[in-house]
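Going left to right, the sequence shown walks through residues 7 to 338 as the numbering used here numbers them. We put the beta carbon where it would ideally sit given N, CA and C, even for glycine. Predicted, not measured: the structure shown is a model, and the values here were computed from it.
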Amino acid sequence: MDVLSAAERVGFTKRDQTRFEGLEGTTDLQLPEDADELLAYCGVQPADRDAMLAARPDPDRDPEWWAITSALAGEVERDLDLALPPTGFRGWPAVPQGASAVGLFAAAWALLANLQRVRELHAQRGVPEAVTVATVAALGGVMQTHRHIFGEAGVGLMPLWSPPLRFRGTDYEIGRHAFTRTQLGMGDGVSGYVLSLHIPPSGRLDAQESEESVATAVESFKRWYPEEPIAGLVSHSWLLDPQLAEYLRPDSNIMRFQSRFDILPQLPTEDPAEGDRELMRLGLHLPVPGDQLTDEDLNNVPQDTTLQRAFVKHLRAGGHWYGRTGMLKTWS
């Protein structure tokens, strides 16, 4: 079965179906026999390991999800060791509501099928195993977040951006931050490389830990990818929205982090609520509605922290939150 037919049959929207266009499933998809051991290596907790092992796709029993898993695994294999192009990366879409357990874990199986490849790549590049372990632990992290937000095991109810990049050798977790190797594009094509800096939701944003993470990453990528000289570090995040200064103390970790960047001008957006949903999902770790947030959605946001209160107050005043892009001022 081809992947587009499979995506339609399991209920992906027309827009999400386009994400599978041009993907060809690997003809010999091999799911690892030692999956339990490999999942532990990826930081997956026992309960989630058991749930995933019970949802192993089968080409005869689950032809649609097998085709989708095969296509996603094939994309990761195809793009192994490639930097992110200037056009970026469109994350894997969330699966339709009501998807089976096999569907909820399909993307995780696609990633696990490529674990050995990325481990070999890291070893060839001289990446320490500790960095490899931290990097692929994104799989365990996203399962924990999925269970926390949705109350059930899986990875499928959230769009996946970082995990596919980590399992192809494009994104690395080094200390407090993750870094994506990214091509810098100009009119004549690729003209350099930057590191895109991300902030995994793994705890407080300590300034010293952040600075140490950046310094270690810059020196490490010089060794691992000497053919990709670093021209700068960039970040795109809700954390860089200057409107946060209206609600947070100047000495808060978020505002101290933001002050290290030159914020680029804001670009127009077709969906003004996109940033609201991003902050709700990544900053507040709450289930995100598909469209505009309603009064009921806002009523359900806890009001225990300054950020939670700021989120609701700003939206009730008619505002929106935005993901903003910044260039790190000092990095070498």
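**Item:** Secondary structure, alpha helix (DSSP H): runs of 4+ residues fully inside the segment 87-159
**Value:** 107-118, 121-131, 135-142, 144-156
**Message:** Tell me the DSSP secondary structure of residue 224 in three-state form.
**Reply:** Here the question's residue 224 lines up with position 218 in the sequence shown. Helix at residue 224.
**Request:** Would you give the residue range spanned by the beta strand (DSSP E) that residue 14 belongs to?
**Result:** Start at 1 with the first residue of the sequence shown, and residue 14 comes out as number 8. Element bounds for residue 14: not the beta strand (DSSP E) but the alpha helix (DSSP H), 9-16.
**Asked** In chain order, which alpha helix (DSSP H) runs of at least 4 residues are fully inside the segment 20-61?
**Response** 20-23, 41-47, 52-60
**Request:** Ignore the nearest five residues each way along the sequence and tell me which others in residue 2's own chain have a CB closer than 6 angstroms to its CB.
**Result:** Nothing can be reported for residue 2, as the shown portion of the chain is limited to 7 through 338.
**Message:** Contact between the segment 30-39 and the segment 97-112 is defined here as three or more beta-carbon pairs at a separation below 8 angstroms; is this criterion met?
**Reply:** no
**Asked** If you draw a straight line from the alpha carbon of residue 238 to that of residue 106, how long is it in whole angstroms?
**Response** Here residue 238 is taken as the residue at index 232 of the sequence shown, counted from 1. Here residue 106 is taken as the residue at index 100 of the sequence shown, counted from 1. Straight-line Cα distance between these residues: approximately 43 angstroms.
**Item:** Given residue 37 as reference, the closest of 54, 267, 78, 51 once Cα atoms are compared
**Value:** Here residue 37 refers to the residue found at position 31 of the sequence shown. Looking at the Cα atoms, 78 is the closest of the given residues.
**Prompt:** Does the Cβ of residue 225 have 16 or more other Cβ atoms within 10 Å, making it buried, or fewer, making it exposed?
**Reply:** Position 219 of the sequence shown, counted from the start, is the residue given in the question as residue 225. Exposed: under 16 other Cβ atoms inside 10 Å.
**Request:** Using a threshold of 9 angstroms, state whether the C-beta atoms of residue 244 and residue 190 are closer than that.
**Result:** Position 238 of the sequence shown holds residue 244. Position 184 of the sequence shown holds residue 190. The answer is no: Cβ separation not under 9 angstroms.
**Prompt:** Alpha carbon to alpha carbon, how far is residue 122 from residue 58?
**Reply:** Numbered from its first residue, the sequence shown carries residue 122 at position 116. Numbered from its first residue, the sequence shown carries residue 58 at position 52. Cα to Cα, the separation comes out at about 18 angstroms.
**Reduced DSSP category for residue 279 - H, G, I as helix; E, B as strand; rest coil** = Along the sequence shown, one-based indexing puts residue 279 at 273. It is coil, neither helix nor strand.
**Asked** For residue 180, which residues of its own chain have a beta-carbon under 8 angstroms away from its beta-carbon, when the five flanking residues on both sides are left out?
**Response** Here residue 180 is taken as the residue at index 174 of the sequence shown, counted from 1. Taken in chain order, the residues that qualify are 137, 140, 219, 222, 223, 226.
**Contained alpha helix (DSSP H) runs [length at least 4] in the segment 158-195, N- to C-terminal order** = Those alpha helix (DSSP H) runs which fall completely within the segment 158-195 and span 4+ residues are 168-172.
**Asked** Rounded to a whole number of angstroms, what is the C-alpha to C-alpha distance between residue 63 and residue 56?
**Response** For the purposes of this step, residue 63 is taken as the residue at position 57 of the sequence shown. For the purposes of this step, residue 56 is taken as the residue at position 50 of the sequence shown. Between residue 63 and residue 56, the C-alpha separation is close to 14 angstroms.
**Asked** Rounded C-beta distance between residue 129 and residue 82? I'm assuming under 8 angstroms.
**Response** For this step, residue 129 is matched to residue 123 along the sequence shown. For this step, residue 82 is matched to residue 76 along the sequence shown. Residue 129 to residue 82, Cβ: 18 angstroms. No contact.
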